[in-house]
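Under the working numbering, residues 475 to 678 are what the sequence shown spells out, in order.
Heads up, the beta-carbon is just placed ideally off N, CA and C, and yes, glycines get one too.
Source: prediction; values computed, not measured.
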Amino acid sequence: MPGQDHHTAPGHTAPDDTAPGQTAPTHPPPDDTTAWLTSHGWYPGRDTGNTLAPHIARRVRDFHDQGEELTPTHTAVTFLRTYGGLCLPLSERVRLVTEPDGGHVEIAEDVADLAAHLGQRLFPVAYETDEGSVHLVDETDRFFLLHPSGTFYLGTGAQEAFTKRHRPRPTLVDAWSLHAHRPGTSHRPRTPHQPGTPHQPGTP
């Protein structure tokens, strides 16, 4: 998805001031994020169980069809059990839907490239309804936004990631400015991505 200048970026990108071996600083989420979540179906202790298993399997199948392996991680499954199946308004016309198989389909290569750069497996956990942007989480609970204008770091932990998308005009960090957690990780070459047709919610 990088390199598509005609799309509107989801926020302002911050300069790359992350030191080697460190991630961008995190900040505690404001109370209004929790209120936003609870007013749209979330509650403490929420557990969807295995209700999203077919959605997970569908995204795994999509990646396999594109020649990439995708394995549900503990962080992704935990997020989906806690927050899966929500439809959260980002604006009057845009919704953040916490299902792993929505949004753009042909993202496997982009996700694999970013995973290789970060040294962490990634898994899709949500999507946005306007441009098919996909939310990803890695094994250390860092969240990323795969947007047509670029790939952005949303923070560590679900609450911080939700706050970044809920807050008007957030400051976002380019995900490629972050450094791998695992030394010696080989980087795959980055290739521009042309987004495919977005999945429509509820279609097979």
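Could you spell out where the beta strand (DSSP E) holding residue i opens and where it closes?
| i | result |
| --- | --- |
| D506 | Careful: D506 lies outside any beta strand (DSSP E), inside the alpha helix (DSSP H) at 505-512. |
| T645 | 645-648 |
Using DSSP bridges, identify the partner residues of residue i.
| i | result |
| --- | --- |
| V611 | F597, F617 |
| D584 | In DSSP, D584 forms no bridge with anything. |
| T625 | L620 |
| E602 | L570 |
Which of helix, strand or coil does DSSP assign to residue i?
| i | result |
| --- | --- |
| H529 | helix |
| R569 | strand |
| T544 | Checking the displayed sequence, the identity of residue 544 turns out to be Leu instead of Thr. Coil, per DSSP. |
| L562 | strand |
| L652 | coil |
| R520 | coil |
| P657 | Residue placement at P657 is poorly supported in this model, since its pLDDT is 43, which falls under 50; the coordinates still yield a value, given next. Of the three classes helix, strand and coil, the one that applies to P657 here is coil, per DSSP. |
| T556 | helix |
| Q496 | Low local confidence applies: a pLDDT of 39 at Q496 is under 50, so the model's placement there is unreliable, with the coordinate-based value given in what follows. Three-state result, Q496: coil. |
| V534 | helix |
State the start and end residues of the unbroken alpha helix (DSSP H) segment that holds residue i.
| i | result |
| --- | --- |
| T637 | 632-640 |
At a threshold of 7 Å, does residue i count as lining the ligand COA (C-beta to nearest heavy atom)?
| i | result |
| --- | --- |
| E613 | Ligands are entirely absent from the displayed structure, and the ligand COA is therefore not among its contents. |
Do the stretch 512-526 and the stretch 593-601 make contact, defined as three or more Cβ pairs closer than 8 Å?
Result no; under three Cβ-Cβ pairs closer than 8 Å.
Does the stretch 580-587 come within contact of the stretch 546-557, defined as at least 3 CB pairs closer than 8 Å?
Because the criterion of three Cβ pairs below 8 Å is not met, the stretch 580-587 and the stretch 546-557 do not touch.
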